[in-house]
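Chains as they are written, first to last, in our numbering: chain C, 11 to 388; chain V, 1178 to 1450.
Here is the structure:
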């Protein structure tokens, strides 16, 4: 029901403004938190409208998490048989990208965009097991890591093993938000299954085998034991709040949120990050163009601008503390060393290459979450 | 005559249509999908899954809301009683002015405030430490089921107290005066004279609070995310993470049953009156 209402609201919103005679209105629909909508509305739109005086950018948000991407997918599926669709550019999570490509709802636009050549990362080719080459350009890459408070912790753990031992020795000083309150907790738990389940590569690359989940029992019972000594925090922001108040000394966070909160004065400046082994997942968000976008040419221009090294440097790295979506070497030249180094001080490019993982393919992902509900929460 | 009948129908139609489209249809739809398998066809699988995964949370929801309802009853009787029987006019005036405030604060705002107020190093504990009542290492956070109960009681007590205090104020004062003349204490007057007479109002207020609390998502989500948590959080999680409307609707069906049993008590009382 919620799904229908949300779609109706979205359709109403998009239909509300009539298209002016020569002016193009570019509908940019983005999943994710409010900061994503603000980024499109306040940062990208004015730049685009300046160089394209006949275009107006309308930013629409569909809500945080995978639910936001799900709404975009449902909207495209609903107008599949129309001649032209009213979403010109969409920003979606990795989990949904594979489905949309398989269903033929996206345009293979990357070859027509000059910045397409600047992207070679694994995330631009493979979205949780589906080949998406040519259909997506990452807007940014985000990563989870363990934040720690040097006032309370002398040496941070370097691996899940060391972390488990530390949490046992320091009860209720580690906190994570589980799976129902945001993705930083989900990432921590996925990393746990990578560390203690057999063959993590298969979870990331497939193929799917429904019997695999039975091999995680030991990992989950270990996690249940671990959870007895930790605090369950209320959400991604809840973990950061508790770190800030000194209630916990360590917890999993998104790197970009961590730096943004620090810049806003909501975290003490001495807080540090550690990416623990064997690894924790991160995820990109993608710029995609629907197969029958009404303003295809303008949409390509928009993505070209948004993925240019200059905009990636100013907007993605400097303003929002995300890792760039296009290859880092093209972005680095646009920034001073201080800004660049801030992003890589605790989590080095070497760490990122070795311990920055992707989330598992979709079926394994759902199996891990359900396994956690069944084995750890019950 | 026929024309007037038609006119009447025409006047009622918009409201009726709104109720049908916005309430009856979604309700029916969610009830049906609770019994629908993924590919179509009848199944009880959604309920099996709901009980397998969330029986702890269903029990917990009842404990949290049951305890909250009890505490709300006690608090609102105390407030209503003091407003009627209190002897210090200033204290009565102050209480009358203060107690209604939470009524005008939405659940999500209340949850947001409590989230920093009840935390281990939050405003409440910091105040206790500053006053010398607690040591820093003695404090505990309330951001778990206790926090949910505290928020519910804080938010819903004014609503019930408003109804109860009104009912108490409109009672015939001669019974109170008679009891006073015979030397009854204030507690005795409250529990043996006032409460029995306002019982119908109290029960109605508590039932409405119970049903309201059953449907709140923001408070459990913001104060205690999981292990264990309330059914509303599980419903949101099933939909957002798995796109699984079947199990979510089965949980919804279970919560309808719980609230329907309350509504039944409410309707029986209404009919008797």
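We put the beta carbon where it would ideally sit given N, CA and C, even for glycine. Please read these numbers as outputs of a predicted model, since none were measured by experiment.
Distance from the CA of residue 259 of chain C to the CA of residue 173 of chain C, rounded to the nearest whole angstrom, comes to 12 Å. Within chain C, 242 and 244 have C-beta atoms less than 8 Å from the C-beta of residue 1401 of chain V, given in sequence order.
The criterion of a C-beta distance shorter than 8 Å is not satisfied by residue 198 of chain C and residue 272 of chain C.
Any Cβ of chain C closer than 8 Å to the Cβ of residue 1406 of chain V would place that residue at the interface, and such an atom is present. Proximity of the stretch 1316-1334 of chain V to the stretch 1426-1436 of chain V falls short of the contact definition, fewer than three beta-carbon pairs being nearer than 8 Å. Residues 151 of the same chain have their beta carbon placed closer than 6 Å to that of residue 333 of chain C, with the five preceding and five following residues left out of the count.
Distance from the CA of residue 287 of chain C to the CA of residue 363 of chain C, rounded to the nearest whole angstrom, comes to 12 Å. Contact between the stretch 1382-1397 of chain V and the stretch 1243-1257 of chain V is present: 3 or more CB-CB pairs across the two stretches fall below 8 Å.
For a cut-off of 8 Å, the C-beta gap from residue 38 of chain C to residue 68 of chain C is around 7 Å, short enough to register as a contact. According to the DSSP assignment, residue 204 of chain C belongs to the alpha helix (DSSP H) that extends over 193-206. Going by DSSP, residue 158 of chain C is part of the beta strand (DSSP E) stretching over 147-158. Interface criterion met: the Cβ of residue 80 of chain C is under 8 Å from a Cβ in chain V.
Secondary structure of residue 1420 of chain V (DSSP, three-state): coil. For residue 104 of chain C, the uninterrupted alpha helix (DSSP H) segment begins and ends at 104-112.
Our two residues, residue 319 of chain C and residue 52 of chain C, have alpha carbons roughly 19 Å apart in a direct line. The DSSP assignment places 245-254 and 265-273 as complete runs of the alpha helix (DSSP H) inside the stretch 231-293 of chain C, in order along the chain (cut-off: 4 residues). Its chain contains 373 as the residues whose beta carbon lies nearer than 6 Å to that of residue 218 of chain C, once the 5 sequence neighbours on both sides are disregarded; these appear in chain order.
Taken through DSSP and simplified to helix, strand or coil, residue 67 of chain C comes out as strand. In the DSSP assignment, residue 184 of chain C forms a beta bridge with C:260. Secondary structure within the stretch 1324-1407 of chain V: the alpha helix (DSSP H) runs of 4 or more consecutive residues, fully enclosed, are 1350-1358, 1363-1366, 1372-1391 and 1395-1400 (chain order). In the DSSP annotation of this structure, the continuous segment of the alpha helix (DSSP H) that includes residue 1251 of chain V starts and ends at 1222-1262. DSSP places residue 37 of chain C in the uninterrupted beta strand (DSSP E) bounded by 34-40.
The Cβ atoms of residue 114 of chain C and residue 301 of chain C sit closer than 8 Å to each other.
When secondary structure is reduced to three states using DSSP, residue 367 of chain C falls in the strand class. With distances taken between CA atoms, residue 1363 of chain V lies nearest to V:1261 out of V:1261, V:1203, V:1185 and V:1249.
The Cβ-Cβ distance between residue 1292 of chain V and residue 244 of chain C falls below 8 Å. DSSP places residue 75 of chain C in the uninterrupted alpha helix (DSSP H) bounded by 75-88. A Cβ-Cβ separation of about 5 Å places residue 1415 of chain V in contact with residue 1424 of chain V under the 8 Å criterion. Listed along chain V, the residues sitting closer than 8 Å to residue 255 of chain C by beta-carbon distance are 1296, 1297, 1298 and 1299. Residue state for residue 1306 of chain V is assigned as helix, using DSSP reduced to three classes. If you draw a straight line from the Cα of residue 353 of chain C to the Cα of residue 327 of chain C, it comes to about 8 Å. Taking a cut-off of 8 Å on C-beta distances, the stretch 1196-1204 of chain V does not touch the stretch 255-270 of chain C, as fewer than three cross pairs fall below it. For a cut-off of 8 Å, the C-beta gap from residue 162 of chain C to residue 202 of chain C is around 22 Å, too long to register as a contact. Comparing C-alpha distances from residue 1434 of chain V to each of V:1398, V:1388, V:1283 and V:1449 shows the shortest one belongs to V:1388.
Interface with chain C (8 Å Cβ-Cβ cutoff): residue 1430 of chain V is excluded.
For residue 1233 of chain V, the residues of chain C that pass the 9 Å Cβ criterion are 387 and 388, in the order they occur in the chain.
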